[in-house]
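Beneath this line is the structure, given in structure tokens, with notes to follow.
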């Protein structure tokens, strides 16, 4: 009887270990690479706080690199055994502070933001990107996709003016070569404004692709591009 109990326990332990491995390396179909306009983040009832390093540049900042499935669902929090380790991205610190700034209150150094993105999303891409590669890949994609330049080339500038949603999409597609998804939020007066831009990336994190599926949500036909 003693041996049977031990074997049973062993089987359960092995099964749990296998499940943990599967969760940590589960497949996904593509990434959403999400960038946000800081002026829209701040121009809401909730407001914002600049990071301890000071006011970020008036440019789109990285929100995250998110594994997704083609059916519109996504994995999250995949590996509790892979905690965020700031020392692994120390060589990227100046670039992350510049291109991936936190605007949450109270003012912070960004570590809580980056830890959240790694824990919720990054751990689900460990089969192709370790922690350092995850952040380095997002920074590389930021360099590839100069959203503000594409918009300014089309005469769309962050001056508090209003632009058609279609013109914003077209400007980004002309600059990037791929169709974006535009997410809006609402300012204190209830106006729809350009908040986040989603581009899609292949499952290796190496190349932009056309999005297999877009998130749910809706913007007005004309949206504000606020100053920052």
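Residue numbers (the UniProt record's numbering): 1 to 228. Glycine is no exception: its CB is placed at the ideal position from the N, C-alpha and C atoms. Quantities reported herein were computed from a predicted structural model and do not represent experimental measurements.
Query - Cutoff 6 Å; reference residue 58; Cβ partners in own chain excluding five residues on either side - result: 228
**Report entry** Three-way DSSP call (helix, strand, coil) for residue 216 in this model
**Finding:** coil
**Report entry** Simplified DSSP state of residue 38, which is helix, strand or coil
**Finding:** helix
Query raised in the report: Quick one: what's got a C-beta closer than 6 Å to residue 151's C-beta in the same chain, skipping five residues either side?
Result: 171
Query raised in the report: Would you call residue 76 buried or exposed, if buried means 16 or more other Cβ atoms sit within 10 Å of its Cβ?
Result: exposed
Query raised in the report: In this structure, does DSSP put residue 157 in helix, strand or coil?
Result: coil
Requested in this report: Select from 168, 189, 67 the residue whose C-alpha is nearest the C-alpha of residue 46.
Outcome: 189
Query raised in the report: Are the stretch 76-93 and the stretch 126-143 touching by the rule of at least three beta carbon pairs closer than 8 Å?
Result: yes
Query - First through last residue of the beta strand (DSSP E) which encompasses residue 185 - result: 181-186
Report task. Kindly give me the distance between the Cβ atoms of residue 40 and residue 144, rounded to whole angstroms, as I take these residues to be in contact under 8 Å. Result -> Actually they are not in contact, since the Cβ atoms of residue 40 and residue 144 sit about 22 Å apart, beyond 8 Å.
Query - Under the three-state DSSP convention, the category residue 166 falls into - result: helix
Query raised in the report: Which whole-angstrom value describes the C-beta separation of residue 33 and residue 68, a residue pair presumed to lie in contact below a C-beta threshold of 8 Å?
Result: 11 Å between Cβ atoms; not a contact.
**Report entry** Close beta carbons around residue 62, own chain, < 7 Å, minus the five adjacent residues each side
**Finding:** 35, 99, 100, 138, 142
Query - Proximal residues to residue 117 (C-beta, below 7 Å), its chain only, five neighbours per side dropped - result: 64
Query - Residue environment, residue 221, which counts as buried when at least 16 other CB atoms sit within 10 Å - result: Residue 221 is exposed by the Cβ-count criterion.
Query - residue 193 in three-state terms, based on DSSP - result: Here residue 193 sits in strand by DSSP.
Query raised in the report: Apart from the five residues on each side of it in sequence, which residues of its chain come closer than 6 Å, Cβ to Cβ, to residue 224?
Result: Cβ contact annotation for residue 224 (same chain, cutoff 6 Å, sequence separation greater than five): 162, 191, 193, in chain order.
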